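Colleague:
This is how it looks when you write it as structure tokens:
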């Protein structure tokens, strides 16, 4: 035992200096097609680190499709870039992707052949072969801004905002699906409080299928938007009542993102106006699987000048997590993508770090996914880096330190 402990210290001490981990290779361009904008990426990873990136691809005015690219855990593309949507006419936007541990995945997006629109989906096998055709999610043509998450069996939950009958007073709805595609139960409303506007939902599912939904709620906390949540059992039954996530309530707290670990613990991150003293900052709150808060809410960004917005969070199997966001003027030129990693205890692992190597103009709208060992991949949109409008780029990272400790058998 003493020899094993000595070996552990000897091997891992150098990593303590670079606790954020080293990027695996250089940043890479995801989209093959170059003209016009490739933007709003979403990324999902399986348990081995294979991953898929989905984004909206602009062909022309009112003609936007959903594209994707699969990758091996080594970062090598698996096959060619592919189109997700079957229809070749209309506007497809706001894509979201989720995968199961075996690498099967589902893509969800909003579609508007004419106004209003709706939410569609497409399932895929781990090989990239489509499973069936595009399917309709929900029961309204006024559904927008969907999000999706999967459990360990590939069952998945889709949430969205429904703007019918009042576009300024929407509600958040959800639908559960079996891994084979059929809906599980009926469409359900997530929010209990219905005054004002409830929108921009995020969902996190633990391996057993229990899930939590978080969203923006207008004026519910007494000042602008606040972030609220509702937990659900795998059966779809609500667990407890809806709860306020943000402790700080002045101004707006919005754009939440949630992630769950293998034990059902979860973390929520969001942007908060003027809380860090300058523009927007990124804040978070950890929760036990029981729904009890783990410690107070915390500020994620260290650099507080100007705006830090649009956070995305991912957790590994052990509960370690990483938060990504866009930050204005921090990388020396417009927007840049920054991240901060945390141990499962909530302790930061090293300082915040710059993700994008190319820093001209704007790098924004990050999405992050982690495998079960803590390897993670970040995708974002970058202006004019591919020579024409926005393009989608990515960066892979090594696992985080606590997982490496576990690999050596130390608890």
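Residue numbers (the working numbering): 2 to 412. Ideal placement from N, C-alpha and C gives every residue a C-beta, glycine not left out. Since the model is a prediction, treat every value here as computed from it, not as a measurement.
State the beta-bridge partners of residue 131 as determined by DSSP.
Modeller: One-based indexing of the chain shown puts residue 131 at position 130. Answer by DSSP bridge pairing, in chain order: 125.
Colleague: Among 58, 43, 38 and 73, which one has its Cα closest to the Cα of residue 413?
Modeller: Limits of the chain in this structure are 2 at one end and 412 at the other, which puts residue 413 out of reach.
Colleague: Can you tell which of 333, 130, 93 and 288 has its C-alpha closest to the C-alpha of residue 112?
Modeller: Indexing the chain shown from 1 puts residue 112 at position 111. Of the candidates 333, 130, 93 and 288, the one whose C-alpha sits nearest the C-alpha of residue 112 is 93.
Colleague: Residue 92 lies in the beta strand (DSSP E); which residues open and close that run?
Modeller: By 1-based counting over the chain shown, the position of residue 92 is 91. Segment 91-100, the beta strand (DSSP E) holding residue 92.
Colleague: Count the C-beta pairs between the segment 359-371 and the segment 287-302 that are closer than 8 angstroms, then say yes if the count reaches three, no if not.
Modeller: Contact between the segment 359-371 and the segment 287-302 is absent, because fewer than three Cβ pairs lie under 8 angstroms.
Colleague: Using three-state DSSP, classify residue 111 as helix, strand or coil.
Modeller: Locating residue 111 in the chain shown gives position 110, where the first residue counts as 1. Residue 111 falls in the strand class under three-state DSSP.
Colleague: Determine the burial state of residue 11: buried for a count of at least 16 other Cβ atoms within 10 Å of its Cβ, exposed for fewer.
Modeller: Stepping through the chain shown from its first residue, residue 11 is reached at position 10. Summary for residue 11: the model assigns pLDDT 31, below 50, so the residue's position carries little reliability; its value from the coordinates is reported in the next sentence. Under this definition residue 11 is an exposed residue.
Colleague: From what residue to what residue does the beta strand (DSSP E) around residue 235 run?
Modeller: Along the chain shown, one-based indexing puts residue 235 at 234. Run containing residue 235: none; DSSP gives neither H nor E here.
Colleague: If you run the structure through DSSP and keep just helix, strand and coil, what is residue 179?
Modeller: Here residue 179 is taken as the residue at index 178 of the chain shown, counted from 1. Three-state DSSP puts residue 179 in coil, outside helix and strand.
Colleague: Report the option in 186, 67, 347 and 231 whose CA atom is closest to the CA atom of residue 176.
Modeller: Reading the chain shown from its first residue, position 175 is the one you call residue 176. When each option's Cα is compared against that of residue 176, the closest is 186.
Colleague: Do residue 70 and residue 98 have their C-beta atoms closer together than 9 angstroms?
Modeller: Within the chain shown, residue 70 is the residue found at index 69, counting from 1. Within the chain shown, residue 98 is the residue found at index 97, counting from 1. In this structure, residue 98 does not lie closer than 9 angstroms to residue 70 by Cβ.
Colleague: Residue 286 and residue 247 - do their beta-carbons sit closer together than 9 angstroms?
Modeller: Within the chain shown, numbered from 1, the residue matching residue 247 stands at position 246. Within the chain shown, numbered from 1, the residue matching residue 286 stands at position 285. For residue 247 and residue 286, yes; Cβs fall inside 9 angstroms.
Colleague: With burial defined as no fewer than 16 other Cβ atoms inside 10 Å of the residue's Cβ, what is the status of residue 420: buried or exposed?
Modeller: Since the first residue shown for the chain is 2 and the last is 412, residue 420 is missing from the structure and cannot be characterised.
Colleague: Determine the direct distance from the alpha carbon of residue 240 to that of residue 390, and round the result to whole angstroms.
Modeller: In the chain shown, residue 390 corresponds to position 389, counting from 1. In the chain shown, residue 240 corresponds to position 239, counting from 1. Distance between the alpha carbons of residue 390 and residue 240: 45 angstroms.
Colleague: Using only CA atoms, which one of 262, 78 and 397 lies nearest to residue 102?
Modeller: Here residue 102 refers to the residue found at position 101 of the chain shown. The option with the nearest alpha carbon to residue 102 is 262.
Colleague: State the beta-bridge partners of residue 65 as determined by DSSP.
Modeller: Translated into the one-based positions of the chain shown, residue 65 becomes position 64. Paired residue(s): 59 and 92.
Colleague: Find the nearest neighbour of residue 384 within the set 344, 181, 231 and 40, judged by alpha-carbon distance.
Modeller: Position 383 of the chain shown, counted from the start, is the residue given in the question as residue 384. For residue 384, the nearest C-alpha among the options comes from 40.
Colleague: Let's test the definition: count the other Cβ atoms within 10 Å of the Cβ of residue 88 and tell me whether it reaches 16, buried, or not, exposed.
Modeller: Numbered from 1 along the chain shown, position 87 holds the residue referred to as residue 88. Under this definition residue 88 is an exposed residue.
Colleague: Find the nearest neighbour of residue 259 within the set 291, 212 and 275, judged by alpha-carbon distance.
Modeller: The residue labelled residue 259 in the question sits at position 258 within the chain shown. Residue 259 has its Cα closest to that of 212, out of 291, 212 and 275.
Colleague: To the nearest whole angstrom, what separates the beta carbons of residue 67 and residue 108, a pair I think is in contact under 8 angstroms?
Modeller: The residue you call residue 67 lines up with position 66 of the chain shown. The residue you call residue 108 lines up with position 107 of the chain shown. Contact holds; Cβ gap of about 7 angstroms.
Colleague: Give me the Cα-Cα distance between residue 400 and residue 378, rounded to the nearest whole angstrom.
Modeller: One-based indexing of the chain shown puts residue 400 at position 399. One-based indexing of the chain shown puts residue 378 at position 377. One C-alpha to the other measures close to 10 angstroms.
Colleague: Report the three-state DSSP secondary structure of residue 78 (helix, strand or coil).
Modeller: Here residue 78 refers to the residue found at position 77 when the chain shown is read from its first residue. Strand.
Colleague: Assuming the contact rule is C-beta atoms closer than 8 angstroms, residue 375 and residue 345 should be a hit. Round their C-beta distance to whole Å, please.
Modeller: Residue mapping note: residue 375 aligns to position 374 of the chain shown, counting from 1. Residue mapping note: residue 345 aligns to position 344 of the chain shown, counting from 1. Contact flag wrong, Cβ pair sits at about 10 angstroms.
Colleague: Just to confirm, does residue 283 get its C-beta within under 8 angstroms of one of the non-hydrogen atoms of the ligand GDP?
Modeller: The ligand GDP is absent from the structure shown, which contains no ligand whatsoever.
Colleague: Less than 8 angstroms between the CB atoms is what I'm expecting for residue 139 and residue 120, so what's the real figure, rounded?
Modeller: Counting from 1 along the chain shown, the entry for residue 139 is found at position 138. Counting from 1 along the chain shown, the entry for residue 120 is found at position 119. About 5 angstroms separates the two Cβ atoms, so the contact holds.
Colleague: Decide if residue 27 is buried, meaning its Cβ has at least 16 other Cβ atoms within 10 Å, or exposed.
Modeller: To locate residue 27, count along the chain shown from 1; it is residue 26. Residue 27 should be labelled exposed.
Colleague: Do residue 206 and residue 150 have their beta-carbon atoms positioned less than 9 angstroms apart in this structure?
Modeller: As a working note, residue 150 is residue 149 in the chain shown. As a working note, residue 206 is residue 205 in the chain shown. The answer is yes: Cβ separation under 9 angstroms.
Colleague: Of all the options 347, 272 and 356, which has the alpha carbon lying nearest to the alpha carbon of residue 331?
Modeller: In the chain shown, the residue the question calls residue 331 occupies position 330. Cα-wise, what sits closest to residue 331 is 356.
Colleague: Could you give the first and the last residue of the continuous beta strand (DSSP E) run that contains residue 398?
Modeller: Mapped onto the chain shown, residue 398 falls at position 397. 391-398 is the span of the beta strand (DSSP E), which, as asked, contains residue 398.
Colleague: In chain order, what residues of the same chain lie with their CB nearer than 8 angstroms to the CB of residue 393, ignoring the 5 residues before and after it?
Modeller: Taking the chain shown and counting its residues from 1, the one referred to as residue 393 is at position 392. So the qualifying residues of the chain are 30, 31, 32, 39, 40, 42, 54, 56, 380, 381, 382 and 383.
Colleague: Out of 34, 214 and 304, which has the shortest C-alpha to C-alpha gap to residue 59?
Modeller: Locating residue 59 in the chain shown gives position 58, where the first residue counts as 1. Among 34, 214 and 304, the Cα nearest to that of residue 59 is on 34.
Colleague: Per DSSP, residue 371 forms a beta bridge with which residues?
Modeller: Numbered from its first residue, the chain shown carries residue 371 at position 370. Answer is 377, bridged to residue 371.
Colleague: Here's the rule: buried if 16 or more other CB atoms are within 10 angstroms of the residue's CB, otherwise exposed. What is residue 46?
Modeller: Against the chain shown, residue 46 aligns to sequence position 45. Classification of residue 46: buried, given that the 10 Å Cβ count is 16 or more.
Colleague: Can you check DSSP and say which residues form a bridge with residue 184?
Modeller: Your numbering for residue 184 matches position 183 in the chain shown. In the DSSP output, where bridge partners are listed per residue, residue 184 has 178.
Colleague: Alpha carbon to alpha carbon, how far is residue 291 from residue 267? Give it in angstroms, no decimals.
Modeller: The sequence position of residue 267 within the chain shown is 266, counting from 1. The sequence position of residue 291 within the chain shown is 290, counting from 1. Computed Cα separation, rounded: 10 angstroms.
Colleague: Could you tell me the boundaries of the beta strand (DSSP E) in which residue 343 lies?
Modeller: As a first step, residue 343 is located in the chain shown; it is residue number 342 there, counting from the start. Start and end: 336-343.
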